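Peer 1: One structure, as structure tokens, below. Some questions next.
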Amino acid sequence: MQYNWDWGVIFREPYLEWILSGIGWTMSVSIAAWILAFSLGSIIGILRTTNNRILRAIATVYVEIFRNIPLIVQMFLWYFVFPELLPNDSGMWVKREMPMPEFTTAAICLGLYTASRVAEQIRSGIQSIGQGQNNAGLATGLTTVQVYRYILLPVGYRIMIPPLTSEFLTIFKNSSVALTIGVLEITAQARQIEEYTFQGFEAFTTATILYIIVTSIVMILMRVVEGRVSIPGMISLGAK
Amino acid sequence: MFDQFDTNVILENLHFLIEGMQLTLLLTIAAICGGLVLGTLLALARLSGFWILSLVSSTYVNFFRSMPLILVIFWFYFLVPLILGQPVGGYYSVLIAFVLFEAAYYCEIIRAGIQSVSKGQVYAGQAVGLNYFQNMCYIVLPQAFRNMIPVLLTQAIILFQDTSLVYVVGVKDFLVSADLVANRENRIFEMFTTVACVYLIICLSGSLLIRKLQMRYAL
Chain V
176 MQYNWDWGVI FREPYLEWIL SGIGWTMSVS IAAWILAFSL GSIIGILRTT NNRILRAIAT
236 VYVEIFRNIP LIVQMFLWYF VFPELLPNDS GMWVKREMPM PEFTTAAICL GLYTASRVAE
296 QIRSGIQSIG QGQNNAGLAT GLTTVQVYRY ILLPVGYRIM IPPLTSEFLT IFKNSSVALT
356 IGVLEITAQA RQIEEYTFQG FEAFTTATIL YIIVTSIVMI LMRVVEGRVS IPGMISLGAK
Chain L
10 MFDQFDTNVI LENLHFLIEG MQLTLLLTIA AICGGLVLGT LLALARLSGF WILSLVSSTY
70 VNFFRSMPLI LVIFWFYFLV PLILGQPVGG YYSVLIAFVL FEAAYYCEII RAGIQSVSKG
130 QVYAGQAVGL NYFQNMCYIV LPQAFRNMIP VLLTQAIILF QDTSLVYVVG VKDFLVSADL
190 VANRENRIFE MFTTVACVYL IICLSGSLLI RKLQMRYAL
């Protein structure tokens with residue numbers, strides 16, 4: 176195996192700058208997408224547990240569509256096909272004037288995609304609490320909204336911290352798919368450095384280490400949060 | 010928009026698209042087989058009770074699970090020719106990347122599956138004089154795999170979707186074939202919509218099937 180090692184390359188200009196800006200893009204796409212995924216996913220997940228058939232059907236259709244098309248295909252749909260579907264003016268606006276088109280499209284696409292996965296977690300979290308709590312709430316005279324607000328959601332979200340953490344890590348990793356529509360995040364920058372310098376080992380190792388660092392930080396942080404908010408007496412939460 | 014939808018472009022290039030789909034399916038099946046074998050070995054190592062084996066296995070799993078698949082594809086696209094000293098073409102490096110990457114996920118599924126088999130079964134096997142491998146092959150793994158079927162199938166659908174990421178190195182799978190046609194014929198709208206529908210139909214029927222199986226075999 177012939178290879179010329181040069182670890183200095185990643186600290187040289189302009190490559191160090193590329194990596195730093197890559198981190199920036201990865202983080203901003205992930206966080207923007209997460210905000211969308213979490214809020215929309217919560218709404219859809221809650222709708223899937225309601226008694227209203229139409230609302231439940233809408234939520235189910237959403238989940239099935241977004242879960243069953245590969246993310247990269249969805250990326251292309253939003254980036255290339257969606258502007259064509261809009262009426263002329265707004266289509267033109269999306270194509271020509273929308274600020275940071277790649278970033279915006281990537282964040283929205285990733286957010287909508289992950290919302291379907293978050294919704295499933297929220298649904299199973301709420302359903303795992305059991306019908307008894309729901310009935311007890313209704314029996315004491317709470318309305319359905321109040322039952323969700325004061326009983327199901329406060330317990331549900333706590334149970335859901337571990338699966339939601341792994342969803343966040345998935346969004347963070349999936350943000351690399353944004354490179355296919357031209358967002359220069361960490362993976363794209365590593366690839367670009369490899370193409371410019373032929374120092375693939377150094378470039379990809381750097382990217383790998385960055386992903387591992389962020390993953391570890393998020394996991395440690397969420398374990399602390401989980402411990403802080405756990406409800407005493409519930410085995411599933413306190414037990415390690 | 011839809012009145013201009015040109016179905017001819019799809020029909021004319023159908024042969025090309027089917028070839029792409031064949032490669033997608035081939036890659037999916039090869040990656041499932043390789044991933045299952047390696048994943049089973051990793052899971053057995055993880056549960057073996059030898060700390061060094063289980064450390065190796067858990068490091069492997071955590072390593073691959075904290076990396077995005079695209080980065081893994083890039084890694085092997087760059088590494089495999091370098092290690093072998095000759096160009097091997099995208100397909101094989103991508104296949105290796107998928108097998109190694111999926112093995113990490115299969116390992117976790119299989120580990121959970123093995124742990125779902127009750128301890129009594131293992132003891133019973135030992136009591137009738139089976140050695141470790143006999144016990145695993147005839148008692149534990151058959152039951153474990155039976156419990157895992159729905160999860161394994163779900164993972165297969167995820168893998169099927171993930172193979173579309175070979176786009177980044179230009180291996181001619183279904184998506185890349187469609188992309189080539191789209192750019193050649195300037196029919197981006199038709200091609201990407203078709204791709205999305207095909208994936209949706211295949212994956213949706215797959216997951217409906219799994220749900221049916223699950224209901225039938227639920228204990």
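Protein chains in written order, with the working numbering: chain V, 176 to 415; chain L, 10 to 228. We put the beta carbon where it would ideally sit given N, CA and C, even for glycine. Every value quoted in this text rests on a predicted model; they were computed, and no experiment measured them.
Could you tell me if Lys415/V is buried or exposed, where buried requires 16 or more neighbouring beta carbons within 10 angstroms of its beta carbon?
Peer 2: Position 240 of the first sequence holds residue 415/V. Confidence at Lys415/V is low in this model, with a pLDDT of 36, below 50, so its placement is unreliable and no value can be given for it.
Peer 1: Using 8 Å as the Cβ pair cut-off and three pairs as the minimum, do the stretch 177-186 of chain L and the stretch 113-129 of chain L touch?
Peer 2: Output reads no: the stretch 113-129 of chain L does not touch the stretch 177-186 of chain L.
Peer 1: Going by Cα to Cα distance, which pick from Gly44/L, Ile79/L, Phe59/L and Asn22/L is closest to Val352/V?
Peer 2: Locating residue 352/V in the first sequence gives position 177, where the first residue counts as 1. Residue Ile79/L is the option with its Cα nearest to Val352/V.
Peer 1: Can you tell me whether Cys116/L is buried or exposed? The criterion is at least 16 other CB atoms within 10 Å of its CB, across all chains shown.
Peer 2: The residue labelled residue 116/L in the question sits at position 107 within the second sequence. Buried.
Peer 1: Does the Cβ of Val400/V have 16 or more other Cβ atoms within 10 Å, making it buried, or fewer, making it exposed?
Peer 2: Residue 400/V sits at position 225 when you count from the first residue of the first sequence. When all chains shown are included, Val400/V counts as exposed.
Peer 1: Are the stretch 388-400 of chain V and the stretch 156-166 of chain L touching by the rule of at least three beta carbon pairs closer than 8 Å?
Peer 2: At 8 Å Cβ cutoff, the stretches do not touch.
Peer 1: With a cut-off of 9 Å, does the C-beta of Val404/V fall near any C-beta of chain L?
Peer 2: On the first sequence, residue 404/V is found 229 positions in, with the first residue counted as 1. Chain L, which has no Cβ nearer than 9 Å to the Cβ of Val404/V, makes this no.
Peer 1: Out of Phe201/L, Ala39/L and Ile211/L, point me to the one whose CA is closest to Val256/V's CA.
Peer 2: Sequence index remark: in the first sequence, residue 256/V carries index 81 (1-based). With distances taken between Cα atoms, Val256/V lies closest to Phe201/L.
Peer 1: Could you please give the first and the last residue of the uninterrupted alpha helix (DSSP H) stretch that includes Ala187/L?
Peer 2: Here residue 187/L refers to the residue found at position 178 when the second sequence is read from its first residue. Note, Ala187/L: alpha helix (DSSP H), Phe183 to Glu194.
Peer 1: Of the residues that make up the stretch 221-248 of chain V, which ones have a beta carbon closer than 7 Å to any beta carbon in chain L?
Peer 2: Residues passing the 7 Å Cβ filter: Glu239, Ile240, Asn243, Ile244, Pro245, Ile247 and Val248.
Peer 1: Is it true that the stretch 38-50 of chain L meets the stretch 100-111 of chain L, where meeting means three or more beta-carbon pairs spaced less than 8 Å apart?
Peer 2: Judged by Cβ distances under 8 Å, the stretch 38-50 of chain L makes contact with the stretch 100-111 of chain L, as three or more pairs qualify.
Peer 1: Gln170/L touches chain V at which residues, Cβ-Cβ below 7 Å?
Peer 2: Here residue 170/L refers to the residue found at position 161 when the second sequence is read from its first residue. The contacting residues are Pro245.
Peer 1: Look at the alpha carbon of Phe373/V and the alpha carbon of Leu62/L, and state the distance between them as a whole number of angstroms.
Peer 2: As a first step, residue 373/V must be located in the first sequence, where it is residue number 198. As a first step, residue 62/L must be located in the second sequence, where it is residue number 53. Each residue's alpha carbon lies about 35 Å from the other.
Peer 1: Please decide whether Cys212/L counts as near chain V, where near means a Cβ-Cβ distance under 9 Å.
Peer 2: Taking the first residue of the second sequence as position 1, residue 212/L is located at position 203. Judged by the 9 Å Cβ criterion, Cys212/L is in contact with chain V.
Peer 1: Using a beta-carbon distance cut-off of less than 9 Å, what residues from the stretch 333-357 of chain V approach chain L?
Peer 2: Listed by position, the residues of the stretch 333-357 of chain V near chain L (Cβ gap below 9 Å) are Leu344, Phe347, Lys348, Asn349, Ser350, Ser351, Val352, Leu354 and Thr355.
Peer 1: When burial is assigned at 16 or more other CB atoms within 10 Å of the CB, is Ser214/L buried or exposed?
Peer 2: Residue 214/L sits at position 205 when you count from the first residue of the second sequence. Classification for Ser214/L: exposed.
Peer 1: Could you spell out where the alpha helix (DSSP H) holding Ala353/V opens and where it closes?
Peer 2: Locating residue 353/V in the first sequence gives position 178, where the first residue counts as 1. Unbroken run through Ala353/V: none, as it is neither H nor E.
Peer 1: Can you give me the Cβ contacts of Thr381/V inside the same chain, cut-off strictly under 7 Å, excluding the 5 residues immediately before and after it?
Peer 2: Locating residue 381/V in the first sequence gives position 206, where the first residue counts as 1. Excluding residues within five positions, the ones whose Cβ falls inside 7 Å are Ile185, Ile194 and Ala365.
Peer 1: Is the number of C-beta pairs between the stretch 271-290 of chain V and the stretch 203-212 of chain V that are closer than 8 Å three or more?
Peer 2: They touch, by the three-pair rule.
Peer 1: Count the other C-beta atoms from every protein chain shown that fall within 10 angstroms of the C-beta of Ala232/V, then say buried if there are 16 or more, exposed otherwise.
Peer 2: Reading the first sequence from its first residue, position 57 is the one you call residue 232/V. Exposed.
Peer 1: For the stretch 250-267 of chain V against the stretch 324-341 of chain V, are there 3 or more C-beta pairs whose distance is under 8 Å?
Peer 2: Because the criterion of three Cβ pairs below 8 Å is not met, the stretch 250-267 of chain V and the stretch 324-341 of chain V do not touch.
Peer 1: Out of curiosity, what's the CA-to-CA distance linking Gly216/V and Tyr190/V?
Peer 2: Position 41 of the first sequence, counting from 1, holds the residue named residue 216/V. Position 15 of the first sequence, counting from 1, holds the residue named residue 190/V. For Gly216/V and Tyr190/V, the distance between alpha carbons rounds to 37 Å.
Peer 1: If we ignore side chains and look at the alpha-carbon of each, how far apart do Gln177/V and Glu188/V end up?
Peer 2: In the first sequence, the residue the question calls residue 177/V occupies position 2. In the first sequence, the residue the question calls residue 188/V occupies position 13. Roughly 25 Å separates the two Cα atoms.
Peer 1: When Cβ atoms are compared, which residues of the stretch 64-89 of chain L fall closer than 7 Å to chain V?
Peer 2: The residues in question are Ser75, Met76, Pro77, Ile79, Leu80, Phe83, Trp84 and Phe87.
Peer 1: Compare the C-beta of Val256/V against all C-beta atoms of chain L and say whether one is closer than 9 Å.
Peer 2: Position 81 of the first sequence, counted from the start, is the residue given in the question as residue 256/V. It does: the Cβ of Val256/V has a partner Cβ on chain L nearer than 9 Å.
Peer 1: Anything in chain V within Cβ reach of Tyr176/L, meaning under 8 Å, just list it in chain order.
Peer 2: On the second sequence, residue 176/L is found 167 positions in, with the first residue counted as 1. Chain V residues near Tyr176/L: Ile247 and Thr355.
Peer 1: When you compare the CB of Asp188/L with every CB in chain V, is at least one pair closer than 9 Å?
Peer 2: The residue you call residue 188/L lines up with position 179 of the second sequence. Yes, Asp188/L counts as interfacial toward chain V.
Peer 1: Counting only Cβ-Cβ distances shorter than 8 Å, please list the residues of the stretch 90-122 of chain L near chain V, keeping chain order.
Peer 2: Of all residues in the stretch 90-122 of chain L, Leu91, Ile92 and Gly94 have a Cβ within less than 8 Å of some Cβ in chain V.
Peer 1: Could you have a look at Val400/V and say whether DSSP puts it in helix, strand or coil?
Peer 2: Residue numbering aside, residue 400/V sits at position 225 when the first sequence is read from its first letter. Looking at Val400/V - three-state DSSP - the assignment turns out to be helix.
Peer 1: Where does Ser57/L fall in DSSP's three states?
Peer 2: Locating residue 57/L in the second sequence gives position 48, counting from the first residue. Here Ser57/L sits in coil by DSSP.
Peer 1: Look at the alpha carbon of Leu34/L and the alpha carbon of Ala311/V, and state the distance between them as a whole number of angstroms.
Peer 2: The residue you call residue 34/L lines up with position 25 of the second sequence. The residue you call residue 311/V lines up with position 136 of the first sequence. Going from the Cα of Leu34/L to the Cα of Ala311/V covers about 50 Å.
Peer 1: For Gln364/V, name the three-state secondary structure that DSSP assigns.
Peer 2: Translated into the one-based positions of the first sequence, residue 364/V becomes position 189. In the structure shown, Gln364/V sits in a helix (DSSP, three-state: H, G or I).
Peer 1: Less than 9 Å separating the beta-carbons of Leu189/L and Val204/L?
Peer 2: Here residue 189/L refers to the residue found at position 180 of the second sequence. Here residue 204/L refers to the residue found at position 195 of the second sequence. Result no, Cβ atoms of Leu189/L and Val204/L do not sit closer than 9 Å.
Peer 1: Here's a check: name, in chain order, each residue in its chain whose Cβ is nearer than 7 Å to the Cβ of Glu360/V, leaving out the five neighbours to either side.
Peer 2: Looking up residue 360/V in the first sequence gives position 185. Gly197, Trp200, Thr201, Val204, Ser350, Ser351, Ala353 and Leu354, listed in sequence order.
Peer 1: Measuring CB to CB, does Glu272/V end up less than 9 Å from Gly357/V?
Peer 2: As a working mapping, residue 272/V is identified with position 97 in the first sequence. As a working mapping, residue 357/V is identified with position 182 in the first sequence. Contact flag unset, no.
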